[in-house]
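J.:
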Amino acid sequence: MKRDWDIIVVGGGPAGIFAALEAVKSGASVLLFERKREMGVPVRCGEAVGKVDFCSYMDVDPRWISSEVNTFIMVLPNGKEVKLKSNIYEGYIINRDLFEYDMAARAAEQGTCIRMRCNVRELLKNAAGEICGVKVEERGELQEYYAKVLIAADGVESRLARQAEIDSVLKMKDIEPCVQATVSGVDIPEKALYLYVGTCYAPGGYAWVFPKANRCANVGLGINGKYSEKNRNAESYLRDFLKRFFPDAAVQRYIAAGVPVTTNLKVLSSPNFLIAGDAGHMVNPLNGGGITHAIKSGILAGKAAGEACKKPEKMQAFFDHYEKSIYRNFGKNHESQYRIKELVYQMSDEEYNRIGEEVLKIDIRKRSFLAVFRQVVKQHPGFLADVMRAFAGI
Amino acid sequence: MLLLSGHCDQCGTCIAVCPADALMLTESLLSIDHQACTLCGLCVNICPIGALELKNEA
Ligand SMILES: Cc1cc2nc3c(=O)[nH]c(=O)nc-3n(C[C@H](O)[C@H](O)[C@H](O)COP(=O)(O)OP(=O)(O)OC[C@H]3O[C@@H](n4cnc5c(N)ncnc54)[C@H](O)[C@@H]3O)c2cc1C
Ligand code: SF4
Ligand code: SF4
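Just so you know, the protein sequences line up as chains A and B, in that order.
The opening position of the first sequence corresponds to residue 76 in our numbering, with each subsequent residue numbered one higher.
The opening position of the second sequence corresponds to residue 122 in our numbering, with each subsequent residue numbered one higher.
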């Protein structure tokens with residue numbers, strides 16, 4: 076097996092796959108390592124994506140689309156449903172396993188060498204202390220591989236960033252432990268993303284019900300240790316939720332997972348090294364969406380790595396550009412979303428109910444996220460000041 | 122000592138919060154570096170399914 080490569084990508088999630096696809100386009104030799112035994116599996120994800128955004132990155136195979144959604148329904152602690160008509164929102168619930176499987180195949184067709192069941196254990200550094208490769212555990216044996224540029228797309232479990240001396244350890248309040256059951260035999264009345272808000276469902280987070288094809292749905296929740304009851308984990312909240320809303324549903328798939336709900340890592344590169352996707356905490360901290368951010372950052376990282384291989388003397392400039400592009404594309408938004416998250420997740424169930432009731436009085440055609448937001452501001456004394464502060468960055 | 126006392130789903134959530142880099146996933150299991158672990162308990166609290174436990178050594 077070849078030891079020296081232009082680019083090594085660690086992680087075969089959306090960030091890694093798209094990084095490889097883009098890097099290979101530049102003519103570089105690309106090796107991708109994935110720890111697991113199968114691409115796309117298990118699916119640790121609600122699988123919801125915005126249609127326009129998602130479709131802008133590739134030709135979408137119809138098999139990837141499980142269902143289409145066009146509405147948000149917020150379920151209040153008192154059980155009332157607040158439907159938000161958003162004429163701009165159109166989304167898909169995808170079959171993420173098929174999507175990743177097929178995209179990995181496309182990357183391989185384009186020339187990426189994909190190695191499964193390979194656990195990257197550590198970064199290798201040369202005599203000058205520069206990152207130059209990885210040590211990989213391959214079926215019980217340790218092997219070394221070298222590259223001009225390394226892309227860490229190793230997800231929430233990332234250890235590579237810290238090895239590059241970038242502090243990526245998440246604070247407890249900045250990660251949501253999640254559990255999700257994919258259930259079958261359920262009838263969901265609307266083609267909507269259902270979000271259950273309030274401490275009674277998921278303290279410091281929310282519960283979701285995303286309808287898939289054939290009477291299936293992804294039912295999951297994320298909580299925050301700062302607001303949850305002592306000695307209760309995410310699983311125990313989901314158990315209650317399923318008992319209450321889907322007592323007869325059969326569980327087809329059950330997973331645990333973690334979502335970083337913070338701002339992007341401040342530093343996303345060092346010499347010969349780039350970070351993409353969840354490894355760089357590139358998830359919308361308010362709603363936990365990260366698929367398209369992983370894709371976008373993967374593409375940008377693959378491009379920067381490809382350019383750096385061609386013109387190593389300009390690597391710093393390409394990497395600076397990468398960091399700036401990430402910030403412009405979504406890093407900046409995540410900063411304000413983070414501040415809003417910090418505020419809304421501490422709202423009490425009574426406040427959610429009160430705000431919901433007010434929003435229900437608004438004509439459905441005018442009931443947007445902005446309308447909800449206005450009510451929050453009106454109902455929650457001091458919230459406006461908090462929000463202003465949030466946006467002002469104080 | 123930190124122990125895996127329940128079923129682990131290999132989700133990696135615990136790794137993200139470990140300040141000592143004492144946790145790592147291999148192809149199919151979570152490995153604990155007991156020498157590096159400081160017994161801070163953060164991983165025990167964050168695990169979505171309660172798979173980890175801190176036990177006093179007898
Ligand atoms: C419960 C849940 C629900 C979610 N719902 C949604 C949603 O509805 N919509 C949305 O947009 N986003 C959602 N997200 C977020 C989304 O799943 C992530 O943002 C996305 O998967 C990030 O992609 P990634 O490629 O960065 O990381 P990942 O998809 O995590 O991929 C990282 C890969 O790297 C591999 N890896 C890690 N370490 C190593 C190593 N040392 N060696 C080799 N391989 C390694 C892992 O095995 C993994 O395959 C959800 C997340 C969770 C947890
Ligand atoms: S107890 Fe603390 S140091 Fe030990 S593995 Fe868990 S998080 Fe890491
Ligand atoms: S958080 Fe729990 S389930 Fe996930 S890898 Fe760690 S011990 Fe296993």
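Positions of the beta carbon are idealized from the N, C-alpha and C atoms, including for glycine.
Since we're looking at a predicted model, the values are computed, not measured.
1. Give a single yes or no on whether Q131 of chain B has its beta carbon closer than 7 Å to a heavy atom of ligand 3.
2. Residues in the same chain with beta-carbon distance under 6 Å from K378 of chain A, minus the five sequence neighbours each way, listed in chain order, please.
3. Return the chain-ordered list of same chain residues with a C-beta closer than 8 Å to the C-beta of G208 of chain A, the five sequence neighbours on each side being excluded.
4. Does the distance between the C-beta of A332 of chain A and the nearest non-hydrogen atom of ligand 1 fall short of 7 Å?
5. With a CB to CB cut of under 6 Å and the five nearest residues on each side skipped, what residues in its chain are close to I241 of chain A?
6. Output yes or no for whether 8 Å exceeds the beta carbon distance between A172 of chain B and L125 of chain B.
7. According to DSSP, which residues form a beta bridge with T146 of chain A?
8. Going by the C-beta, is T159 of chain B closer than 7 Å to any heavy atom of ligand 2?
9. Span of the beta strand (DSSP E) holding C168 of chain B?
10. What does the alpha-carbon distance come out to for the pair L418 of chain A and G280 of chain A?
11. In whole angstroms, what is the alpha-carbon distance linking T137 of chain A and D128 of chain A?
12. Strictly under 8 Å for the Cβ-Cβ distance: is E148 of chain B near chain A by that measure?
13. Checking 8 Å against the spacing of the C-beta atoms, do A95 of chain A and S372 of chain A come in under that value?
14. So is the beta-carbon of V195 of chain A under 7 Å away from any non-hydrogen atom of ligand 1?
15. Quick check: what's the CA-CA separation for F108 of chain A versus Y167 of chain A?
16. Can you list, in chain order, the residues of its chain with a C-beta nearer than 7 Å to that of A267 of chain A? Leave out the 5 residues immediately preceding and following it.
17. Just to make sure I have the definition right: I need the residues of chain B whose C-beta is within less than 9 Å of the C-beta of E212 of chain A. Which are they?
18. Verify the contact flag: K407 of chain A, CB atom, against every heavy atom of ligand 1, threshold strictly below 7 Å.
19. Using the three-state DSSP reduction, which class does T367 of chain A fall into: helix, strand or coil?
20. If we cut at 8 Å on Cβ distances, does G171 of chain B have a partner in chain A?
21. From the DSSP output, in three-state form, read off E97 of chain A for me.
22. Can the beta-carbon of F394 of chain A be found closer than 8 Å to that of A227 of chain A?
23. Taking DSSP as the reference, what is the three-state secondary structure of D81 of chain A?
24. Between which residues of its own chain and I437 of chain A is the CB-CB distance below 6 Å, once the five residues before and five after are set aside?
25. Pull up the distance between the alpha-carbon of P264 of chain A and that of P169 of chain B, whole angstroms please.
26. Please work out which residues of its chain come closer than 6 Å, Cβ to Cβ, to F93 of chain A, disregarding the five sequence neighbours upstream and downstream, and give them in chain order.
27. Under the three-state reduction of DSSP, which class applies to C207 of chain A: helix, strand or coil?
28. From L160 of chain B to D154 of chain B, what does the alpha carbon distance come to, in whole angstroms?
29. What residues are listed by DSSP as bridge partners for T257 of chain A?
T.: Result, derived from the coordinates:
1. True, at least one ligand heavy atom lies under 7 Å from that Cβ.
2. Result list for K378 of chain A: E97, in chain order.
3. Cβ-Cβ distances below 8 Å link G208 of chain A to I83, L198, L199, E219, Y220, Y221, A222 and L225 in the same chain, with the five nearest sequence neighbours on each side left out; the list follows chain order.
4. The answer is yes for A332 of chain A.
5. Excluding positions up to five away in sequence, the list reads V342.
6. Going by C-beta atoms, A172 of chain B is nearer than 8 Å to L125 of chain B.
7. DSSP output for T146 of chain A lists A:A267 as bridge partner(s).
8. Remark: the C-beta of T159 of chain B is in contact range of ligand 2, defined as less than 7 Å to any heavy atom.
9. According to the DSSP assignment, C168 of chain B belongs to no beta strand (DSSP E), since it is labelled neither H nor E.
10. Using only the alpha carbons, I get a separation of about 12 Å.
11. Checking the displayed sequence, the identity of residue 137 of chain A turns out to be Pro instead of Thr. Rounded to whole angstroms, the gap between the alpha carbons of P137 of chain A and D128 of chain A is 16 Å.
12. Cβ-Cβ to chain A under 8 Å: yes for E148 of chain B.
13. Not closer than 8 Å, so no.
14. Yes, Cβ of V195 of chain A sits closer than 7 Å to a heavy atom of ligand 1.
15. Roughly 29 Å separates the two Cα atoms.
16. The residues are V144, T146, F147 and I148.
17. The contacting residues are T147 and E148.
18. For ligand 1, not one heavy atom lies less than 7 Å from the Cβ of K407 of chain A.
19. Three-state DSSP puts T367 of chain A in a helix.
20. Yes - at least one Cβ of chain A is within 8 Å of the one on G171 of chain B.
21. DSSP, read as helix, strand or coil, puts E97 of chain A in helix.
22. Against a cut-off of 8 Å, the Cβ pair of A227 of chain A and F394 of chain A comes out as no contact.
23. Strand.
24. Around I437 of chain A: A446.
25. One C-alpha to the other measures close to 30 Å.
26. Excluding positions up to five away in sequence, the list reads I370, G373 and I374.
27. It is a strand residue.
28. Rounded to whole angstroms, L160 of chain B to D154 of chain B spans 11 Å at the Cα level.
29. T257 of chain A pairs with A:N293 and A:R328.
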